[in-house]
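Trainee: Residue numbers (our numbering): 1 to 359. Idealized CB from N, CA, C, for every residue including glycine. All figures in this text were calculated on a predicted structure; none of them were measured in a lab. Sending over a structure as structure tokens; questions will come in a sec.
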Amino acid sequence: MSAIDIDQVSKRYGAVNVISDLSLKVQSGEFVAFLGPSGCGKSTLLRMIAGLERVDGGRISIGGERVDQLPPGARGVAMVFQHYALYPHMNIYDNMAFGLRNIALPAAEVDRRVREAARILEIEGLLERKPGQLSGGQRQRVAIGRALVKSPKAYLFDEPLSNLDAALRVRTRIELARLHQQFRATTIFVTHDQVEAMTLAERIVVMNARKVEQVGSPMEVYSRPASEFVARFVGSPAMNFLPVTISDRGGFAAARLGEGSDIVTRVPVNAPPQGAKLRLGLRAEAIRADPEGSLTGQIEVVERLGDRTHLYVRLKDGSSIVAEDKGLSDAATGAEARFRVDPEAAHLFDETGRAFHAA
Ligand code: ADP
Ligand code: MG
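Here's what the structure looks like:
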């Protein structure tokens, strides 16, 4: 078990800064997700930790030892990729044993580790097969097994579930969660999928073009997004954003929508800069279908998800929002409906994307 300390790390490809001055501490035994859109630098950062890319500046330490000048094999980490390359001519046992034999581990110890990993991942029955005789999900488990047998100081996963079909992705996600609870190994998990990050990680590092937007627990990132970028990226359906003007209502910011109604938020009125152009941010679940509600609009699309219903609604000023209703909703396309807004769950964002939340 080992902490990972990233200290003011930078990376350039030619003239392009991919990572600038990024600092981050991952605690020993912690499960951290790097979450962000494609191209934001997640893999680059992970590969620098693994030693597959050079750092252009800064330091990386693992377990208190500086590693950024060490070759990958000397860093004591194991990496699992999206495109897991198994050796096609070797059986599964040999694929898992390969790295251990390379470091001349005694055969008995190699055997013990391979069988133990196979037992944990429930692939004992597959050890004699070749990779070509396995399903995608089974191959991905072998790739995870190859990491497990190394007993590394830390696991580095780069979108390991992206190639799996939806059902298998969920199952493997739960297996990874279980493995983490069992072994408490330091883990960094790179993904562009906010659901994976939310469900697996103890802390999420939300990245956006070269930098960290927010570091927080899944619930912090979800309910108190540090920026409009984070608010847009985390949560499905995406948060609603509506341009508003602000007035003082007992110390709180009352947000007037384009269609005329006021939503009295719990954001202190003096928090956002005076005169700023602001957007009100509301998640769908904060806008509930309710016959007593004060907001009215016309339902354009009804999405029935079983446990809940999403309503795509056109407000009187032409802006559109997505609201939520119960699973067995009687909402009908084309109907006028009323909605109640939860003022506690309202956020404000200024022109720079900075967020203001309920006090
Ligand atoms: P992510 O994993 O978040 O999708 P990457 O870390 O792979 O992003 O890439 C970050 C940026 O660096 C991208 O703009 C990508 O095009 C660029 N990049 C990555 N690897 C190289 C490379 N070897 N040479 C030049 N540019 C690269
Ligand atoms: Mg990547």
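Please list, in chain order, all residues of the same chain as residue 37 whose beta carbon is under 8 Å from its beta carbon, the five residues on each side excluded.
Mentor: If we look at residue 37 and ignore the five residues flanking it on each side, its Cβ neighbours are 192, 208 and 233.
Trainee: If residue 158 sits next to residue 43, beta carbons under 8 Å apart, how far is it from one beta carbon to the other, in whole angstroms?
Mentor: With 8 Å as the limit, residue 158 and residue 43 qualify as a contact, their Cβ atoms being about 6 Å apart.
Trainee: With which residues is residue 320 paired in a DSSP beta bridge?
Mentor: Answer is 314.
Trainee: I want to check one thing, is the minimum distance from the CB of residue 196 to the heavy atoms of the ligand MG below 7 Å?
Mentor: Answer for residue 196: no, Cβ out of range of the ligand MG.
Trainee: For residue 8, which residues from the same chain have a beta carbon less than 6 Å from its beta carbon, with the 5 sequence-adjacent residues on both sides left out?
Mentor: 21, 23 and 58, listed in sequence order.
Trainee: Can you give me the start and stop residues for the beta strand (DSSP E) that residue 214 sits inside?
Mentor: Its beta strand (DSSP E) spans residues 211-216.
Trainee: Quick one: what's got a C-beta closer than 6 Å to residue 356's C-beta in the same chain, skipping five residues either side?
Mentor: Hits under 6 Å: 267, 271, 272 and 348.
Trainee: To the nearest angstrom, report how far apart residue 345 and residue 16 are at their CA atoms.
Mentor: Computed Cα separation, rounded: 39 Å.
Trainee: Are there any heavy atoms of the ligand ADP lying less than 7 Å away from the beta-carbon of residue 38, as far as the coordinates show?
Mentor: Under cutoff, so the answer is yes.
Trainee: Just tell me which of 163, 290, 171 and 196 has its CA closest to the CA of residue 83.
Mentor: It is 163.
Trainee: Taking DSSP's pairing of strands, which residues face residue 143 in a bridge?
Mentor: Paired residues: none, contrary to the question.
Trainee: Using a threshold of 7 Å, is the CB atom of residue 42 nearer than that to any non-hydrogen atom of the ligand ADP?
Mentor: Answer for residue 42: yes, Cβ within range of the ligand ADP.
Trainee: In terms of residue numbering, what span does the beta strand (DSSP E) encompassing residue 22 cover?
Mentor: Note, residue 22: beta strand (DSSP E), 16-26.
Trainee: So, is residue 139 buried or exposed, given that buried needs 16 or more other C-beta atoms within 10 angstroms?
Mentor: Its Cβ being crowded by 16 or more others within 10 Å, residue 139 is buried.
Trainee: Mind listing, in chain order, the continuous beta strand (DSSP E) runs of no fewer than 3 residues lying wholly within the segment 136-199?
Mentor: Here the runs fully enclosed are 154-158 and 186-191.
Trainee: Taking Cβ to Cβ, would you say residue 305 is nearer than 8 Å to residue 194?
Mentor: It is not a contact, given that the beta carbons lie outside the stated cut-off.
Trainee: May I have a chain-ordered list of the alpha helix (DSSP H) segments no shorter than 4 residues that lie completely inside the segment 21-72?
Mentor: 42-50, all fully within the segment 21-72.
Trainee: What are the residues that DSSP puts in a beta bridge with residue 296?
Mentor: In DSSP, residue 296 forms a bridge with 338.
Trainee: With hydrogens ignored, establish whether the beta-carbon of residue 53 is closer than 7 Å to any heavy atom of the ligand FMN.
Mentor: This structure simply doesn't include the ligand FMN; it includes the ligand ADP and the ligand MG instead.
Trainee: Using DSSP with H/G/I as helix, E/B as strand and the rest coil, what is residue 99?
Mentor: Here residue 99 sits in helix by DSSP.
Trainee: What residues in its chain sit with their C-beta under 6 Å from that of residue 27, if we drop five residues either side in the sequence?
Mentor: Taken in chain order, the residues that qualify are 3.
Trainee: Could you please give me the residues that DSSP links to residue 281 through a beta bridge?
Mentor: Per DSSP, 241 and 347.
Trainee: Using a Cβ-based criterion (distance less than 7 Å to any ligand heavy atom), does residue 313 qualify as near the ligand ADP?
Mentor: No, since every heavy atom of the ligand ADP falls outside the 7 Å radius drawn around the Cβ of residue 313.
Trainee: What does residue 333 pair with, by DSSP beta-bridge criteria?
Mentor: According to DSSP, which records beta bridges pairwise, residue 333 is partnered with nothing at all.
Trainee: With a 10 Å radius around its C-beta and 16 neighbouring C-beta atoms as the bar for buried, classify residue 11 as buried or exposed.
Mentor: Under this definition residue 11 is a buried residue.
Trainee: At the level of alpha carbons, what is the spacing between residue 264 and residue 204?
Mentor: Their Cα atoms are separated by approximately 31 Å.
Trainee: Going straight from the alpha carbon of residue 361 to that of residue 321, what length do you get?
Mentor: Not covered by the structure: residue 361. The range shown for the chain is 1 to 359.
Trainee: Would residue 7 count as contacting chain B if we go by Cβ distances under 8 Å?
Mentor: Among the protein chains of the structure shown there is no chain B, as only one such chain exists.
Trainee: Among 225, 236 and 74, which one has its Cα closest to the Cα of residue 154?
Mentor: If we check each option's Cα against that of residue 154, 74 comes out closest.
Trainee: Please confirm whether residue 219 and residue 231 have their CB atoms less than 8 Å apart.
Mentor: It is not a contact, given that the beta carbons lie outside the stated cut-off.
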